[in-house]
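Everything below concerns the one structure shown next.
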Amino acid sequence: MSNQAANPALLAAVIFDLDGVLTDTAEFHYLSWKSLADDLGFDWSRPANEALRGLGRMESLRVFLGDRWGLFTDEQRADLAAAKNQRYLDRVEKMTWDDLLPGAPELLMRLRAARVPTAVASSSKNARVVISRLGISNLLDVIVDGLDAPRSKPDPQTFLLAADRLRVAPRDCVVIEDAESGVQAALAAGMRVIGIGPAERVGRAHIVVSDLARLADRCVEQLLSRG
Ligand code: BG6
Ligand code: MG
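Listed below in structure tokens is the structure:
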């Protein structure tokens, strides 16, 4: 799909990160890691969990285990990642449209009405199930997940693959991201970036807002215009 013939003033595409941007699965990830830490007998806090934002599952396990990484065999690590994932999926199963973050449904529908192509580009291997539970598949043209793009953010692969599938040049894409690693990945892909969250986390983005609901109309229009 291309909107450019219909409206040449519009930017070609908007690429959303999923976890922490469209929905607060960041909390589900935290609770699932926390419960695994409880089983293993160590503490796991929300601030510690911040380091996992945007990282793939095994990269997250590496940070989560820290110095304990060497205590486990590859097989045990795979079992730990699977155990964490099952706890996460138990939470995802209960998700609905109501779990979209404030401002997300409005923005997705507005982009749809303006015929701006949209994608989700996520490091998560569960992105498709989360999108399906949220009921937003029909508002997205392209989904790239952690299975499609094995090189997790901050590598730009996830975003470049989304642009390729959208058939849009990277420089004509705006990415909306909540993770430092995701902002890095989008910049490395040559895209414009809106950071969602505190400046300490997403301050390298071109524009920083606290949440999607605060992405004022004017700001969206500015980003959707070329030049
Ligand atoms: C990212 C999250 O979107 O997906 C990370 O920000 C998470 O916290 C990563 O670790 C991988 O998720 P999953 O669902 O494949 O375990
Ligand atoms: Mg995220």
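Take 837 as the starting number for the sequence shown in our numbering and just add one per residue.
Glycine included, every Cβ here is placed at the ideal spot set by N, Cα and C.
Any heavy atom of the ligand MG within less than 6 Å of a residue's beta carbon puts that residue on the list, which reads Asp853, Asp855, Gly856, Val857, Arg889, Gly890, Asp1014, Ala1015 and Gly1018. Fully enclosed alpha helix (DSSP H) runs of no fewer than 4 residues occupy 940 to 949 and 963 to 970 of the segment 940 to 980, in order along the chain. In the three-state reduction of the DSSP assignment, Leu937 falls in the coil class. Here Pro986 is exposed. Its C-beta has fewer than 16 other C-beta atoms within 10 Å. Under the 8 Å Cβ criterion, the segment 958 to 972 counts as touching the segment 923 to 942, having at least three qualifying pairs.
For Val928, the enclosing alpha helix (DSSP H) covers residues Asp910 to Val928.
The three-state secondary structure of Arg1007, taken from DSSP, is helix. Beta-bridge partners assigned by DSSP to Arg1040: none are found.
In the structure shown, Arg1028 adopts extended strand secondary structure according to DSSP, grouped into three states.
Phe878 sits exposed, since fewer than 16 C-beta atoms from the chains shown fall within 10 Å of its C-beta.
DSSP lists Thr859 as the beta-bridge partner residues of Asp855. DSSP places Ala1049 in the helix class (H, G or I) of the three-state scheme.
Contact check for Arg913 against Glu1016 fails: the beta carbons are separated by 9 Å or more. For the pair Cys1009 and Arg1028, the CB atoms are nearer than the 9 Å cut-off. Contact fails between the segment 990 to 1008 and the segment 898 to 906, because fewer than three Cβ pairs, one in each stretch, are under 8 Å apart.
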